[in-house]
Amino acid sequence: MVGQLLAQGVTDFVLAPGSRSAPFALCLEASARAGLLRLHVRVDERAAGFLALGLAKGSGRSVAVVTTSGTAVGNLTPAVMEAHHSAVPLLVISADRPSWVVGFGANQTTEQGGLFTGFLTYTARVQAGAPAQAWAAQAARAVLLAEGATGGRRGPAQLNVELPEPLVEGVPDWVALPGVPVLTGPPDQAVPVHLPGTPRTLVLCGDADYETGRAAVRLAEAAGLPLVAEPSSNARFAVASLATGRLLLAGELGAQVERVVVFGRPTLSRPVSALLARAGVEVVVVTQRADFVDPGWRAGLVVKAVSAEPGPAQWLQAWRRADIERSAKVAAALSEDDRLTGPGLAAAVVAAVLPDQVLCLGNSNAIRDADLVPPRSEPPLVFANRGLSGIDGTVASAIGIALATGAPTTLLCGDLSFVHDASALAIGPTEPRPALRIVIADDDGGSIFATLEYGKGEFAAAFERVFATPIGLDLVALAAGYGVPARRLVSAAEVAAALAQPVAGLEVLVVPVDRTGRAALAQQLNQP
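In structure tokens form, the structure reads like this:
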């Protein structure tokens, strides 16, 4: 099975230790020593799952995560869910007892085949007595379907592998068993669909990989159309993108849009959701996936590639003028406050990431603050877990992305995201360590809720306890407890100086930001 996975192009394996998975552990360790694969060992299965997710997102290829039986498999559920909604080829190899002992009270035994129901592109029970070719064929099929090579959607797959006792008898003498031919999908013969001219077309790009983001930029540039892109779209920081597009959509120009060409998966703002659901707006979805994004139930055309007639020059000019004016208002609003703010920190972080580096954005306020940063001529590669937009697994995913890309990486996240996944910093001394700088916007709680309905005065009595949830932890000490260098930065000058230093290894920068003015600042920024 391992040999077939290698033949199919799987080079990274994440292992969580356990007894039932011992044959895999020994095989992977021997293969790693032989230089056949990269092995990553983590003691926490949840962190292992998100590390594998980050590796798969960063490399664009399937990555396997191997666990023992029982609750170890269940701890992969958050990462599997995120992989499903983000269309990431995550391979779960779950060691299991033989099927004939399931349901009889055997130790560490449950029905593992149904744990991820609804989230898998493929699942198989690999039976203990099956011939070697059957194991190899299941592995090949899992990779093919996880990567969407047959035209289906990309996403996680599970191989639930029965391993009877004795699990190991002495040091194994590993030999290559007969496999099966390497499976490949059909060639992509997508022909761009040409859209006829219409006065008011908008290009919208949500969370996407690099190629999808660049396709959105190319369409906007070639047809002279306004581009509204989310920070994790890999189109947002391109020169063609509008810096305040999210804010402009809620105004007069947004109301004039007649057609939207959608790339990626837009999830970030209510004005975007309202536009995609608005009657009278033609929605064209561009996707390589078998399924497609249509949250407003308005999609009328789904294509793999698209071109368009050039739009009227005055249409793009109107958006450009409005963007310049709104950007000036945003800059003025941020400069009025001497305190460190989330948007101000995001601007500094994005500006400091070089074109050949990687930017990871945490959910909640971090990615929304980055959505106010002006475009630049050479933007970096950007990642975020927007499949389900959770704060869990943020640190582990960023570690995986940094290791997969091999590029200096910066993660911007909030304090709750960091605390939730701080255990991902527990990296063993023999494990590869990423070049990752973690910048924490520390407002001691979930300040994003202050900008929503329940942040209003009538909920003040309950807000702090059940929404803001301050935790009062010393995040510098927390990081230091895992042996990670960490420091607190309390001024814009200190932030600028720290970000100007090269990213060399794993470090944590904690930046206290104001939470009390978050709602007022959001209201000010949303004003036309």
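First residue of the sequence shown? That's 111 in my numbering, and the numbers climb one at a time after it. Built from N, CA and C at the ideal position, the CB exists for glycine as well.
Assuming contact is defined by CB atoms lying nearer than 9 Å, are residue i and residue j in contact in what I supplied?
i	j	result
LEU201	ALA174	yes
PRO595	VAL621	no
GLY316	ARG263	no
LEU426	GLY538	no
VAL236	LEU269	yes
ALA560	ALA632	yes
LEU358	ALA432	yes
VAL301	ALA135	no
ASP624	THR397	no
ASP206	ALA166	no
GLN218	THR178	yes
GLY556	ALA418	no
VAL120	SER172	yes
THR233	ALA267	yes
ARG478	LEU352	no
GLY168	GLY510	yes
GLU446	VAL151	no
ALA117	ASP154	no
LEU411	VAL394	yes
ARG597	VAL613	no
LEU305	VAL372	no
ALA259	GLN114	no
GLY159	ASN185	yes
SER141	VAL176	no
LEU455	LEU522	yes
PRO208	PRO133	no
VAL327	ALA360	no
GLY615	ALA534	no
GLY265	ALA514	no
PHE573	GLY582	no
Take the Cβ of residue i as the centre, count every other Cβ of all protein chains shown within 10 Å, and call the residue buried at 16 or more, exposed below.
i	result
SER507	buried
LEU562	exposed
GLY593	exposed
THR322	buried
TRP210	exposed
ASP553	buried
VAL253	buried
GLU362	exposed
GLY355	buried
ASN475	buried
CYS473	In the sequence on display, residue 473 carries Asn and not Cys. With 16 or more other Cβ atoms within 10 Å, it is buried.
THR519	buried
ILE558	buried
GLU104	This structure gives no information on residue 104, because the portion of the chain shown stretches from 111 to 638.
SER204	buried
VAL183	buried
For residue i, which of helix, strand or coil comes out of DSSP?
i	result
ASN270	strand
GLY224	helix
THR626	coil
SER179	coil
THR233	strand
VAL190	helix
VAL120	coil
ALA250	helix
ASP206	strand
GLU392	strand
ASP317	strand
GLY184	helix
GLU617	strand
SER379	coil
SER172	coil
VAL211	helix
ALA409	strand
SER131	coil
GLY145	coil
THR322	helix
VAL112	helix
THR515	helix
LEU277	coil
Is residue i close to chain D, meaning its C-beta is less than 9 Å from at least one C-beta of that chain?
i	result
ALA250	This model lacks chain D altogether, as it is built from one protein chain only.
- Message: Below 8 Å, how does it come out for the region 522 to 538 and the region 487 to 506: are there three or more Cβ pairs, yes or no?
- Response: yes
- Task: Pair every Cβ in the region 332 to 350 with every Cβ in the region 396 to 405, then say whether three or more of these pairs are closer than 8 Å.
- Result: no
- Ignoring anything shorter than 3 residues or poking outside the region 538 to 613, list the beta strand (DSSP E) runs there in chain order. 546 to 552, 596 to 598
- Should the region 384 to 397 be regarded as contacting the region 354 to 368, the criterion being three or more beta carbon pairs within less than 8 Å? yes
- Does the count of Cβ pairs from the region 544 to 556 and the region 601 to 616 closer than 8 Å reach three? yes
- Item | Segments assigned beta strand (DSSP E), at least 3 residues, entirely inside the region 326 to 374 | 337 to 339, 369 to 373
- Can you check the region 419 to 475 for any alpha helix (DSSP H) of at least 4 residues that lies completely inside it and give the ranges in chain order? 423 to 445, 452 to 462
- Kindly confirm or deny that the region 488 to 500 and the region 448 to 467 touch, where touching means at least three C-beta pairs closer than 8 Å. yes
- Item | Uninterrupted alpha helix (DSSP H) stretches inside the region 475 to 508 (no shorter than 4 residues) | 475 to 480
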